[in-house]
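To get this note's numbering, take the position in the sequence shown, counting from 1, and add 652.
All residues carry an ideal CB built from backbone N, CA and C; glycine is no exception.
Owing to the predicted nature of the structure, the values given are computational and were not obtained by experimental measurement.
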Amino acid sequence: MLTVKTLLCGCVYEENDWMLVRIKECEKHHKQRTRKREYRPKAECNRNDTRGE
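Structural data, given as structure tokens:
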């Protein structure tokens, strides 16, 4: 049993027995998923840098 659901944003999902599979992705979510993120070091590294004074 396959049911197709369309969200308000325009993404289209197909519902298999227990999971949702994306068939079509709207422009907004595609941009969110593919945008470049700047690198952030972990907080522990920053703490360790100030210790050796």
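Roughly how many whole angstroms lie between the Cα atoms of residue i and residue j?
{"i": "L654", "j": "M671", "result": "11 Å"}
{"i": "Y665", "j": "E679", "result": "15 Å"}
{"i": "Y691", "j": "Q684", "result": "16 Å"}
{"i": "T686", "j": "E667", "result": "24 Å"}
{"i": "K676", "j": "T658", "result": "9 Å"}
Would you mind working out which of the options sits nearest residue i, comparing C-alpha positions?
{"i": "H681", "options": "V656, T658, K657 and C663", "result": "C663"}
{"i": "C661", "options": "E667, R689, R674 and K688", "result": "R674"}
{"i": "D669", "options": "E677, K676 and V656", "result": "V656"}
Can you look up residue i in the DSSP assignment and give me helix, strand or coil?
{"i": "K688", "result": "coil"}
{"i": "E679", "result": "helix"}
{"i": "L672", "result": "strand"}
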